[in-house]
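Okay, so here's the structure we're looking at.
Numbering (this note's numbering), first residue to last: 39 to 403.
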């Protein structure tokens with residue numbers, strides 16, 4: 039091949055490589071999801087425009103599930119394990135029944151195991167239950183599917199679950215799911231059961247366990263609150279991002295089982311890749327620097343006032359302020375995607391010109 043042809047082919051190859059290799063997403067280290075326990079055909083959600091990575095469902099209608107997956111949203115099917123295991127007379131038969139359930143639902147991406155907690159099946163039975171759960175998860179993986187475990191923190195790094203749900207993260211509810219009283223969780227309070235991984239806790243000691251066992255990257259925050267309460271959703275989302283959790287979900291007390299899905303503001307916005315963070319146990323603050331700005335939760339004041347006290351400082355903030363003076367509100371739905379796209383297009387052209395000039399100078403006779 040002569041120098042001229044070599045030069046031409048090289049420029050074409052590099053140009054295509056630059057143009058068609060996309061930049062890394064600024065939100066590539068975090069996913070959004072919800073649990074939806076209503077009928078899928080009643081969700082009233084445009085799944086393709088939802089921004090969700092996956093959904094946990096209780097309705098196993100295959101046609102409706104395929105519509106969701108066609109919208110590029112993964113589907114995990116709900117199954118309660120703890121109570122069904124406790125009531126099963128023959129545990130090996132129970133294991134086989136769960137495996138049969140897995141085999142009959144090859145049209146979902148995975149399974150959500152609820153009630154993974156000795157409180158359902160007894161402390162004396164936990165070792166035997168763990169053996170069954172590990173066998174079931176192995177079977178799921180053989181079918182090229184994944185699992186999410188919801189229970190005590192022990193199961194975040196045992197029995198081969200792919201993901202671990204942190205339920206009631208930063209906010210939960212009292213009363214019934216039909217008539218909930220939402221409240222904020224005191225993240226920084228410590229208890230006498232912090233050292234027992236089989237005990238259910240909901241505080242900084244849980245985060246420390248997940249961090250020490252290197253499973254923050256598979257932990258999914260699951261927060262309860264009024265879907266119309268954007269402040270609560272933003273406050274919880276900031277905490278999930280500062281603490282380095284894999285994903286974030288925000289739902290009502292009934293996981294939308296009795297109502298259509300409403301995505302709170304934090305479910306439709308993002309801070310981008312985490313650059314730095316501070317967990318201040320003394321002053322009870324969670325703060326972080328991200329690709330799209332800075333954010334902070336004042337946990338102490340939130341618990342004291344029973345109202346979300348947080349701040350989000352965007353790189354390009356909206357000029358209109360919110361009603362609460364201690365909180366900086368910005369329109370997180372307006373991102374800089376168009377500006378980023380224009381920048382990368384201009385950068386592509388410039389880089390091609392530079393490479394071409396270098397090659398021409400190198401191979402000029």
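Positions of the beta carbon are idealized from the N, C-alpha and C atoms, including for glycine.
Under DSSP, the alpha helix (DSSP H) around residue i begins and ends at which residues?
i, result
"residue 117", "Run containing residue 117: none in the alpha helix (DSSP H); it sits in the beta strand (DSSP E), 112-118."
"residue 156", "156-159"
"residue 279", "268-280"
"residue 166", "164-180"
"residue 102", "100-108"
"residue 343", "337-343"
Measuring CB to CB, does residue i end up less than 9 angstroms from residue j?
i, j, result
"residue 303", "residue 268", "yes"
"residue 1", "residue 201", "The requested residue 1 does not occur in the structure, where the chain is confined to residues 39 to 403."
"residue 145", "residue 132", "no"
"residue 333", "residue 353", "no"
"residue 119", "residue 78", "no"
"residue 215", "residue 291", "yes"
"residue 96", "residue 115", "yes"
"residue 73", "residue 150", "yes"
"residue 276", "residue 348", "yes"
"residue 317", "residue 227", "no"
"residue 75", "residue 295", "yes"
"residue 152", "residue 175", "no"
For residue i, which residues from the same chain have a beta carbon less than 6 angstroms from its beta carbon, with the 5 sequence-adjacent residues on both sides left out?
i, result
"residue 237", "231"
"residue 362", "With a pLDDT of only 37 at residue 362, under 50, the local geometry of the prediction cannot be trusted, and the value read off the model is given with reservation. Taken in chain order, the list of residues that qualify is empty."
"residue 240", "206 and 223"
"residue 327", "313 and 314"
"residue 190", "155, 236 and 238"
"residue 196", "none"
Excluding the five sequence neighbours on either side, which residues of its own chain have a C-beta within less than 8 angstroms of the C-beta of residue i, listed in chain order?
i, result
"residue 166", "129"
"residue 80", "298"
"residue 100", "145"
"residue 178", "140, 148, 149, 184 and 185"
Whose C-beta lies closer than 7 angstroms to the C-beta of residue i among residues of the same chain, with five residues either side of it excluded?
i, result
"residue 288", "261, 263, 271, 274, 302, 304 and 305"
"residue 69", "91, 284 and 285"
"residue 126", "132"
"residue 143", "98 and 115"
Return yes when the C-beta of residue i is under 8 angstroms from any heavy atom of the ligand PLP, and no when it is not.
i, result
"residue 117", "This structure lacks the ligand PLP; in fact it carries no ligand of any kind."
Under the three-state reduction of DSSP, which class applies to residue i: helix, strand or coil?
i, result
"residue 295", "coil"
"residue 320", "coil"
"residue 63", "For residue 63, the predicted structure reports a pLDDT of 38, less than 50, and the residue's modelled location is therefore unreliable. The matter cannot be settled from this model."
"residue 252", "coil"
"residue 307", "coil"
"residue 145", "coil"
"residue 244", "helix"
Give the C-beta separation of residue i and residue j to the nearest angstrom, bearing in mind that I take them to be a contact with Cβ-Cβ under 8 angstroms.
i, j, result
"residue 204", "residue 258", "7 angstroms"
"residue 211", "residue 218", "4 angstroms"
"residue 194", "residue 251", "7 angstroms"
"residue 300", "residue 254", "No, residue 300 and residue 254 are not in contact; Cβ-Cβ is about 28 angstroms, not under 8 angstroms."
For the beta strand (DSSP E) containing residue i, list its first residue and its last residue.
i, result
"residue 327", "323-328"
"residue 301", "Taken as a continuous stretch (DSSP letters only), residue 301 belongs to no beta strand (DSSP E), as it is neither H nor E."
"residue 137", "Not the beta strand (DSSP E): residue 137 falls in the alpha helix (DSSP H), residues 129-141."
"residue 75", "Residue 75 -> no beta strand (DSSP E), and no H or E assigned at all."
"residue 222", "218-222"
"residue 187", "184-189"
Between residue i and chain C, is any beta-carbon pair separated by less than 9 angstroms?
i, result
"residue 118", "Within the model displayed, chain C is absent; a lone protein chain is all it includes."
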